[in-house]
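Numbering (full-length UniProt numbering) for the sequence shown: 1 to 703. Glycine included, C-beta positions come from ideal geometry on N, C-alpha and C.
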Amino acid sequence: MTRSTKLLAILAPMAFLGGPARSHPLQAEPINHAYVFNFDQFNLPEDPDEHVVEGGYLLLGELNCTACHVPPKSWQERLAPKAGPNLTKVGSRLDADSLWQMIRSPQHRKKGTQMPGLFAGEEGDAEKVEALTEFLGSLKPATPKMPAGDMARGKDIYHKVGCVACHEPATDYRPAKAAADAEIEKPGLGSVPLILAEAYSVDALTEFLFDPLSHRPAGRMPNMRLSLQEAADIAAYMHLGREVEPAAERAALKMPPQGVEKGKEVFAQMNCVACHAGVLPEDLTKASAVKTKALAALKVDAGCLAGTQPSGVPRYDLNDLQKRALRLAITAIQKQDAPKLTAAQKVDWQMTRLNCYACHDRDGKGGPEDPRAQYFGSNDGSAESLGELAHLPPNLDNVGRKLTKDWLGKVLWGEGGSVRPYMDTRMPNFGRAHTEMLLGLLPEADKRETPVTIDVSGLGKHHRAETGRQLLGSTGLACVACHGLKERKSLGPPVIRLTHTVERLQPEYFKELLLNPQATQPGTMMPPMFMGRKKADQEIESIWIYLKELEGQPLPEGLLSTEDFELKPEKLGRPIVFRSFIEGAGSHAIAVGFPQGLHATFDAVQVRWTQVWRGRFLDAMSNWQSREMLPIKPLGTDLKELPAATGKRVFSGYRLDKAGVPTFLYLQDGQPVEDTLRPAKDGKGFDHEIKINGEITKEVLSW
Numbered sequence: 001m002t003r004s005t006k007l008l009a010i011l012a013p014m015a016f017l018g019g020p021a022r023s024h025p026l027q028a029e030p031i032n033h034a035y036v037f038n039f040d041q042f043n044l045p046e047d048p049d050e051h052v053v054e055g056g057y058l059l060l061g062e063l064n065c066t067a068c069h070v071p072p073k074s075w076q077e078r079l080a081p082k083a084g085p086n087l088t089k090v091g092s093r094l095d096a097d098s099l100w101q102m103i104r105s106p107q108h109r110k111k112g113t114q115m116p117g118l119f120a121g122e123e124g125d126a127e128k129v130e131a132l133t134e135f136l137g138s139l140k141p142a143t144p145k146m147p148a149g150d151m152a153r154g155k156d157i158y159h160k161v162g163c164v165a166c167h168e169p170a171t172d173y174r175p176a177k178a179a180a181d182a183e184i185e186k187p188g189l190g191s192v193p194l195i196l197a198e199a200y201s202v203d204a205l206t207e208f209l210f211d212p213l214s215h216r217p218a219g220r221m222p223n224m225r226l227s228l229q230e231a232a233d234i235a236a237y238m239h240l241g242r243e244v245e246p247a248a249e250r251a252a253l254k255m256p257p258q259g260v261e262k263g264k265e266v267f268a269q270m271n272c273v274a275c276h277a278g279v280l281p282e283d284l285t286k287a288s289a290v291k292t293k294a295l296a297a298l299k300v301d302a303g304c305l306a307g308t309q310p311s312g313v314p315r316y317d318l319n320d321l322q323k324r325a326l327r328l329a330i331t332a333i334q335k336q337d338a339p340k341l342t343a344a345q346k347v348d349w350q351m352t353r354l355n356c357y358a359c360h361d362r363d364g365k366g367g368p369e370d371p372r373a374q375y376f377g378s379n380d381g382s383a384e385s386l387g388e389l390a391h392l393p394p395n396l397d398n399v400g401r402k403l404t405k406d407w408l409g410k411v412l413w414g415e416g417g418s419v420r421p422y423m424d425t426r427m428p429n430f431g432r433a434h435t436e437m438l439l440g441l442l443p444e445a446d447k448r449e450t451p452v453t454i455d456v457s458g459l460g461k462h463h464r465a466e467t468g469r470q471l472l473g474s475t476g477l478a479c480v481a482c483h484g485l486k487e488r489k490s491l492g493p494p495v496i497r498l499t500h501t502v503e504r505l506q507p508e509y510f511k512e513l514l515l516n517p518q519a520t521q522p523g524t525m526m527p528p529m530f531m532g533r534k535k536a537d538q539e540i541e542s543i544w545i546y547l548k549e550l551e552g553q554p555l556p557e558g559l560l561s562t563e564d565f566e567l568k569p570e571k572l573g574r575p576i577v578f579r580s581f582i583e584g585a586g587s588h589a590i591a592v593g594f595p596q597g598l599h600a601t602f603d604a605v606q607v608r609w610t611q612v613w614r615g616r617f618l619d620a621m622s623n624w625q626s627r628e629m630l631p632i633k634p635l636g637t638d639l640k641e642l643p644a645a646t647g648k649r650v651f652s653g654y655r656l657d658k659a660g661v662p663t664f665l666y667l668q669d670g671q672p673v674e675d676t677l678r679p680a681k682d683g684k685g686f687d688h689e690i691k692i693n694g695e696i697t698k699e700v701l702s703w
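Here it is, written out as structure tokens:
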């Protein structure tokens, strides 16, 4: 029984009645050409030349043609080659027979692979293939022992987190949204092949799935933010029915050992270093430079693109459409300098190369095809009322003017950037090297022709957080019917919580969205609540100020409980800045509470620190529940009044550092001042720092 028939025999009992024979992703329909998902996704044989030529540019980079055939200078940035897999641990991932098969005939071993075949069975090829096998097999550091995986759990994770956006779904897995009697539609586009996964040991496959960027630095297989256990579970699922066949042809050849050193020489001779860096010693890498024709000197009817491919030429198994696209692209490159791309075109180019369009749509391009979209699910039944917004990755129109630079970095590489916990799909990490340019390109690409203006200084008379709180509440505009805050869920469907709005959104976009939701964010379910409101501008600014000062404010009506009134910076773990009418600091007071139990108030009228105390911070109940706005009294002990200020002062606001500590800004006798209090290391008082025209003075405030 062959590996395939044995696997099918194992899977057959689990397949749905009447389903196709292939049920496991490893058994996807084979692809008989070098598969570039993002080329096949957007190019058809009937497309005109002016469209297909763009696909040709894509193939030149994705198939790494430009790693050997250097393009003209003006094209080099756009057609930059992508790094091949990191082979420094390849001997730990693949056994000798699998390595031999992949080197000897990659298109046979892994249908659809982008790796070219370099050996055509000529005299001496068998010795070279064996030498490379021995060399690469020697690159074998120990693979750490991984946790045991659960096949059933891995199958579920594989189909939910986004793997099926590029890879084949199993025919025996029924998406949660599919009707019980419905036939599961098969993807129309081909899938990135997985067949080599069977050759990995389960530990090596787990290691790869947990950190794919260290093995494939080009980022085309992104980090799916799996836990180690989740990676082990998927690896267990991929190994279902695994039985790797030996390389019969290799055994029949009975090739004598060729030696690791000869393998290194062949690796250099065959120019493998053009794609796979870091494998040979530096001196051998430099000495191995192979002269190849520049892209501008290539003939479009010869070499890889010839009707009958000559021996000694890398074989990619290109289909007719790919050859047409490459011929068009090479011809265009030989005739003209690269056109200068706009920021929007550069974003589109990078998103195409990284295949972001498999999940996201932007400017009418991309998004998962329907047979794949059905696997994108939600873990919260109450989110289903949102329709596609509950489970499909968001539309990226205007994202460059939507997200702050810091939050975009969180989304791309960090943690805590997800604001849709109800969505099963995860945002992959493609690696900083491949996405950092988007931080500069997206804002430029999405810039409005007519800028939106919004005052978020907090200095306006209408800039009262309480006004914003009332507007958000159930007795105001009822924003809490959809949006939660902090740990509180919304009163209705679980739309994005507003907790991190100020960190996440650019204020101009926030206003633009509230004034005209559908035009700003196509497909949103957000109603135009501010359309026709005479004070819309001021109301939006008040909401922003409330969200900016959220840590020092009560939740809106509908989310509020009686436990929410005392402000507790020690519970929050960072300072709380609270603006209100505070006894000892006046009607324009700003209180600052620190987790260390030291607190102070700043009077924005007198422009000075007015008092300090220890212990508990403030109880804001009277402020939030009383129409009279009675002054709040400090709750703690050891209250000390501070001396009056001298000179003429004009308040300019404050800014927060990364730790949340405010620095108050004002003019004193016309000179700009930066004034900061922060708890001293011994916890007994404050370190007081004043900066005037760049000159800093420090003192210790103790009592």
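CB contact flag (residue i, residue j, <8 Å)
| i | j | result |
| --- | --- | --- |
| residue 685 | residue 703 | yes |
| residue 233 | residue 125 | no |
| residue 369 | residue 190 | no |
| residue 545 | residue 511 | no |
| residue 134 | residue 260 | yes |
| residue 322 | residue 513 | no |
| residue 148 | residue 359 | no |
| residue 401 | residue 443 | yes |
| residue 137 | residue 170 | no |
| residue 675 | residue 696 | no |
| residue 37 | residue 355 | yes |
| residue 670 | residue 636 | no |
| residue 566 | residue 595 | no |
Residues sharing a beta bridge with residue i, DSSP
| i | result |
| --- | --- |
| residue 697 | 690 |
| residue 223 | 429 |
| residue 580 | 589 |
| residue 599 | 593, 613 |
| residue 361 | 366 |
| residue 674 | 665, 691 |
| residue 632 | 582 |
Backbone secondary structure at residue i - three-state DSSP
| i | result |
| --- | --- |
| residue 430 | coil |
| residue 703 | coil |
| residue 413 | coil |
| residue 171 | coil |
| residue 74 | helix |
| residue 657 | coil |
| residue 684 | coil |
| residue 31 | coil |
| residue 39 | helix |
| residue 5 | In this prediction, residue 5 scores a pLDDT of 34, lower than 50, which makes its location untrustworthy; no coordinate-derived value is stated. |
| residue 421 | coil |
| residue 509 | helix |
| residue 138 | coil |
| residue 45 | coil |
| residue 116 | coil |
| residue 542 | helix |
| residue 273 | helix |
Which listed residue (the options) has its alpha carbon closest to that of residue i
| i | options | result |
| --- | --- | --- |
| residue 115 | 644, 593, 352, 32 | 32 |
| residue 90 | 44, 199, 645, 501 | 199 |
| residue 392 | 524, 208, 63 | 524 |
| residue 421 | 406, 412, 435, 377 | 377 |
| residue 581 | 572, 634, 543, 598 | 634 |
| residue 412 | 225, 484, 371, 46 | 225 |
| residue 338 | 47, 54, 375 | 54 |
| residue 785 | 669, 692, 639, 637 | The requested residue 785 is not part of the displayed model; the chain covers only 1 to 703. |
| residue 665 | 657, 630, 659, 650 | 650 |
| residue 729 | 197, 240, 467, 578 | Residue 729 lies beyond the range of the chain shown here (1 to 703); nothing can be said about it. |
| residue 396 | 381, 371, 446, 372 | 446 |
| residue 479 | 464, 465, 496 | 496 |
| residue 221 | 162, 405, 247, 464 | 162 |
CB contact check: residue i to chain D, cutoff 8 Å
| i | result |
| --- | --- |
| residue 418 | No chain D is present in this structure, which holds just one protein chain. |
The ligand GTP heavy atom lying under 7 Å from the CB of residue i
| i | result |
| --- | --- |
| residue 579 | The ligand GTP is not among the ligands present in this structure, which contains no ligands whatsoever. |
*Below 8 Å, can you find three or more Cβ-Cβ pairs linking the stretch 72 to 84 to the stretch 271 to 279?*
yes
*Answer yes if the stretch 340 to 357 comes into contact with the stretch 425 to 443, meaning at least three C-beta pairs across the two stretches below 8 Å, and no otherwise.*
yes
*Evaluate the contact criterion for the stretch 457 to 467 versus the stretch 545 to 561: three or more CB pairs, one atom per stretch, below 8 Å.*
yes
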